[in-house]
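Right, one structure below, let's go through it.
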Amino acid sequence: MEKMQKKILFPRDAIKKRVEELAGRISADYKDRELIVIGILKGAFVFMADLIRAFSIPCRIDFVRVASYGAGTESSGRVVLTKDIETSIKGRDILIVEDIVDTGLTLAYLVNWLKERNPQSLKVCAFLDKRKRRKVAFEADYVGFTIDDGFVVGYGLDFNEQSRFLPEVYIIDQQQVDKK
Ligand code: 5GP
Numbered sequence: 078m079e080k081m082q083k084k085i086l087f088p089r090d091a092i093k094k095r096v097e098e099l100a101g102r103i104s105a106d107y108k109d110r111e112l113i114v115i116g117i118l119k120g121a122f123v124f125m126a127d128l129i130r131a132f133s134i135p136c137r138i139d140f141v142r143v144a145s146y147g148a149g150t151e152s153s154g155r156v157v158l159t160k161d162i163e164t165s166i167k168g169r170d171i172l173i174v175e176d177i178v179d180t181g182l183t184l185a186y187l188v189n190w191l192k193e194r195n196p197q198s199l200k201v202c203a204f205l206d207k208r209k210r211r212k213v214a215f216e217a218d219y220v221g222f223t224i225d226d227g228f229v230v231g232y233g234l235d236f237n238e239q240s241r242f243l244p245e246v247y248i249i250d251q252q253q254v255d256k257k
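First residue of the sequence shown: 78, per our numbering; consecutive thereafter.
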């Protein structure tokens, strides 16, 4: 396996602190309500696991999986749902949890898809946000960290299925991304 050149962007303690802050805000916003948290597979599973364990409110969980087809690391706009939720969300409070928002295409699609099922409310929590790279207008309600352009891995995020297990977030050398 090729050795990846990467440098640390967010160490474990910074991630832990920020996740706890987000969990605190979400717990306060949904106090006395019954939240259903929907994670987007695969990337969001690590963040979601830490986030819900830092909640001071109960929640239920479910997952969706989406495939986004495009060249290299860029999504094309053709987003396809490959695994749907298994919970009824009609009249419920929903929080979508995503690893990273880039062009915004995945979340714009997913929010529309889920809104058709008439939840009472629907908000989005993204661990990372590459705000400057949007192709469609999309704002997450809760954001862990806003980052500049660059390809990141670790804490659930992969590069060709590698590096999801790393507890820190790393930025990888762009030349390696371009080579793929
Ligand atoms: P969007 O539809 O917003 O362009 O793309 C969101 C998806 O693209 C994320 O869920 C993630 O799978 C992927 N993505 C975007 N930027 C990065 C990145 O820097 N690193 C990794 N590992 N995935 C990314």
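Here a beta-carbon is modelled for each residue, glycine too, at the ideal position from N, C-alpha and C.
On a predicted model such as this, the values are computed, not experimentally measured, just so you know.
Note that the stretch 130-145 does not touch the stretch 194-206; fewer than 3 beta-carbon pairs, one per stretch, sit closer than 8 Å. If you measure from each CB to the nearest heavy atom of the ligand 5GP, the residues under 7 Å come out as I117, G120, S145, T150, S152, V156, E175, D176, I177, V178, D179, T180, G181, L182, T183, L184, K207, G227, F228, V229, V230, L234, D235 and F236. Between the alpha carbons of L243 and D176 lies a gap of roughly 14 Å. The DSSP-derived three-state label of L184 is helix.
Exclusion of the five residues before and after G120 leaves E175, D176, I177, G233, L234, D235 and R241 as the residues of its chain whose Cβ lies within less than 8 Å of its Cβ. DSSP links A203 through a beta bridge to E175 and V220. Straight across, the Cα-Cα distance linking T159 with V220 is about 25 Å.
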